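Please read the structure below before turning to the comments.
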Amino acid sequence: MLSTTDPRTALVLFSGGQDSTVCLAWALSRFARVETLGFDYRQRHRIELDCRQTVRAEIQRQFPEWAARLGEDHVLDLGLLAQISDCALTQERAIELQANGLPNTFVPGRNLLFLTLAATVAYRRGATVLVGGMCETDFSGYPDCRDNTIKAQQVALSLGLDSAMTIETPLMFLTKAQTWGLSESLGGGALNDLIIEHTHTCYLGERGTLHAWGHGCGHCPACELRAAGHARFLAGAA
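The opening position of the sequence shown corresponds to residue 115 in our numbering, with each subsequent residue numbered one higher.
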């Protein structure tokens, strides 16, 4: 826990997955008030929307020092995104690479839209910090996860709102193993256990099997990244 608390209000883009949960813990350790925002874009793994509430409840129960800082949760209906996108995250189709080298799980403009709408909510709620789990180290190659993209959008949002809007991306240059390490530094083994048991990352929405790294099918790109990162984290901690 930091010795001083940033008095600003932060709004965390919170999907209910590993990365956004670490970002939520990161924000709760720094800001006086933290609210969360989720998006229902008819994603195949919509089970994450249910996991969001469980994760929030477990954080409040297990980390009372953070509970007082955790404010309201918001969910926006972005069904339109599923209508205009053509990808494996919103349609029942095999996950594979496209001709342009990007996986077909890429939802064009998703993070740009998420951040724009998040800024709108933040403006209304008096928040001046957006926190997102974008990362350009261990990721699927999505161009809207890159640091330059996020920096450019921060400038555009601040100009368009005529009000400073900071976008924090604490995972931007971390590997998945380092993300597990950051989680441990924030909330110890208890936070990592919470992430393993309650968060959701699997693109196929599978919750049946609980692996050492969490629930999931074990073979989609999201599961593979999470599992490999957890294994490297354990190897480094051994």
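Yeah, the Cβ is synthetic: ideal placement off N, Cα and C, and Gly gets one too.
Values in this document were obtained by computation on a predicted structure and should not be read as measured data.
Check your understanding: Could you give the uninterrupted runs of the alpha helix (DSSP H) lying entirely in the region 284–329, keeping only those of 4 residues or more?
Key -> 290–312
Review point. Candidates R239, D154 and A326: which alpha carbon is nearest S129's?
Key: D154
**Study point:** Secondary structure, alpha helix (DSSP H): runs of 4+ residues fully inside the region 143–186
**Key:** Whole alpha helix (DSSP H) segments, 4+ residues: 161–176 and 178–181.
Exercise for review: Could you say which of G343, E149, R160 and E282 lies nearest to E186 if we only look at CA atoms?
Suggested key: E149
Check your understanding: By Cβ distance below 6 angstroms, which residues in the same chain neighbour Q268 in space, the five residues on each side in sequence not counted?
Key -> I281
Point to revise | For T280, the residue or residues it bridges with in DSSP | key: V243
Check your understanding: Where does L339 fall in DSSP's three states?
Key -> helix
Review point. Under the three-state reduction of DSSP, which class applies to H188: helix, strand or coil?
Key: strand
Review point. Within the chosen definition, does the region 268–278 reach the region 297–309 through at least 3 CB pairs nearer than 8 angstroms?
Key: no
Check your understanding: Looking at the structure shown, is R346 part of a helix, part of a strand, or coil, going by DSSP?
Key -> helix
Check your understanding: So D120 is in the beta strand (DSSP E); what residue range does that whole segment cover?
Key -> Annotation: the continuous beta strand (DSSP E) that includes D120 extends over D120 to L127.
Review point. Is G193 helix, strand or coil by DSSP?
Key: helix
Review point. Can you tell me whether A278 is buried or exposed, with buried defined as 16 or more other CB within 10 angstroms of its CB?
Key: The residue in question, A278, is exposed, as its Cβ has fewer than 16 Cβ neighbours within 10 Å.
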